[in-house]
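A.B. asks: Letter 86 of the sequence shown, counting from 1, is numbered 276 in our numbering, and no numbers are missing. Attaching a single structure in C-alpha cells format; questions to follow.
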Amino acid sequence: MNRFSFPAQASVIARLGRREISLLATLFCVAALLLAFGLLADEVMEGDTMAFDNAVARFFRPLGADGPIGPAWVHELGRDVTALGSMVVLCFLLAAVVGYLLLIRKKGAAALVLGSILGGTLISFGLKLLFNRPRPNIPGGIQVFTASFPSSHAMLSAVTFLTLGALMTRVAADIRLKAYFMGLAVFLTVAVGLSRVYVGVHYATDVLAGWSVGSAWAILRWIVALRLQRRGQVEQPGGTPS
191 MNRFSFPAQA SVIARLGRRE ISLLATLFCV AALLLAFGLL ADEVMEGDTM
241 AFDNAVARFF RPLGADGPIG PAWVHELGRD VTALGSMVVL CFLLAAVVGY
291 LLLIRKKGAA ALVLGSILGG TLISFGLKLL FNRPRPNIPG GIQVFTASFP
341 SSHAMLSAVT FLTLGALMTR VAADIRLKAY FMGLAVFLTV AVGLSRVYVG
391 VHYATDVLAG WSVGSAWAIL RWIVALRLQR RGQVEQPGGT PS
C-alpha cells in the first residue's frame with residue numbers, strides 16, 4: 191500500500207511546486223509592471239520624457255494641427271478604434287458579461303469581473319487627479335475633460351480586455367482557443383492605446399503608463415480570482431475544475 195502512496199505524494203508535491211513557481215513568476219510580472227509605471231511617472235513629473243513624447247507625436251502627426259498621417263478614412267478609423275476604449279463602450283461590454291454570468295448563476299464570477307473593472311476605473315481617475323498632467327496642445331482634436339497621465343483608455347482597455355480574455359481562457363479547453371482569446375485581448379488593448387496617440391489626445395508615455403498599471407491590476411485581480419476558485423468561494427467560469 192505504501193508502495194503506491196509515495197508516487198502520489200510526490201505528484202502532489204510537484205504540483206504544489208509548480209503552482210508556487212507560477213505564482214511567484216506572476217507576482218514578479220506585477221512588480222515589474224508597477225515599477226515601470228513608477229519610473230515613468232517620476233520621469234514624466236520631472237519633464238524628462240518630453241523629447242521622446244514629442245518625437246512620437248511628430249511621427250503620428252508630422253503636420254501638427256493639420257492632422258495625423260494617412261488619408262481621411264484612416265483618420266476616421268483612428269477615431270473608431272479609440273472609441274473602443276471609451277467608458278460607454280466598456281460599460282456596455284461589462285454589463286453584457288456580468289449579465290451573462292448572473293443568468294448562468296455565476297454570481298461570484300460576476301462580482302469579481304465587476305470589482306476588477308470598477309476598481310481599475312477608480313484607480314485610473316485617482317492617478318489622473320494625483321499627477322494632473324496637461325493634455326497635448328493640439329487644436330482641432332477630440333475634446334477631452336480629464337488629465338493626461340495615465341491614459342484611462344489605455345489602462346481601462348487593459349483591465350477590461352485582459353480580464354475578459356483571461357476569463358475566456360478558463361472556459362476554452364483547446365490551447366489554440368486560449369491563445370486566440372488572449373491574443374485578441376492584447377491586440378485590442380494595444381490598438382486602443384496607439385489610437386490615443388494617433389488622434390492627438392495623449393502622449394506616448396501616458397499610454398505606456400496606462401498599459402503598465404492596467405495590466406498589473408488585471409493580473410493581480412486574476413490571481414485573487416484563481417485562489418478563490420480553488421477554495422470553492424467563487425464558481426469556475428466554465429464549470430470545470432481548476
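For each residue, glycine too, the CB sits at the ideal point set by N, CA and C.
#1: So, with DSSP's three-state summary, where would you put I365?
#2: Pick helix, strand or coil for L280, following the three-state DSSP scheme.
#3: Who are the near neighbours of L291 in its chain, counting only those whose CB is closer than 6 Å to its CB and skipping five residues on each side?
#4: Are the CB atoms of F250 and V334 nearer to each other than 7 Å?
#5: Mind checking whether L384 and V220 have CB atoms under 7 Å apart?
#6: Identify whether I327 lies in helix, strand or coil by the three-state DSSP scheme.
#7: If you draw a straight line from the C-alpha of G340 to the C-alpha of V234, how long is it?
#8: Enumerate, from N- to C-terminal direction, the unbroken alpha helix (DSSP H) stretches of 4 or more residues contained entirely within the region 230-255.
#9: Among the candidates M345, P252 and T395, whose CA atom is the shortest distance from the CA of M277?
#10: Under the rule that 16 or more other beta-carbon atoms within 10 Å means buried, what is K296, buried or exposed?
#11: Within 10 angstroms of its Cβ, does P261 collect 16 or more other Cβ (buried), or is it exposed?
C.D. replies: Let me spell this out:
#1: Looking at I365 - three-state DSSP - the assignment turns out to be helix.
#2: Note: L280 maps to helix in three-state DSSP.
#3: By the criterion of a C-beta distance shorter than 6 Å, L291 is surrounded in its chain by A299 and A300, once the five residues flanking it on both sides are discounted.
#4: Judged by their CB atoms, F250 and V334 are not nearer to each other than the 7 Å cut-off.
#5: Taking 7 Å as the Cβ cut-off, L384 and V220 do not qualify as a contacting pair.
#6: The sequence given here places Asn at residue 327; Ile does not occur at that position. Correct three-state label for N327: coil.
#7: Note that residue 340 is Pro in the sequence shown here, rather than Gly. Between P340 and V234, the C-alpha separation is close to 10 Å.
#8: Listed in chain order, the alpha helix (DSSP H) elements of length 4 or more contained wholly in the region 230-255 are 240-250.
#9: Comparing Cα-Cα distances from M277 to each of M345, P252 and T395, the minimum goes to M345.
#10: Buried, since its Cβ has 16 or more Cβ neighbours within 10 Å.
#11: Burial state of P261 is exposed, judged by a 10 Å Cβ sphere holding fewer than 16 other Cβ atoms.
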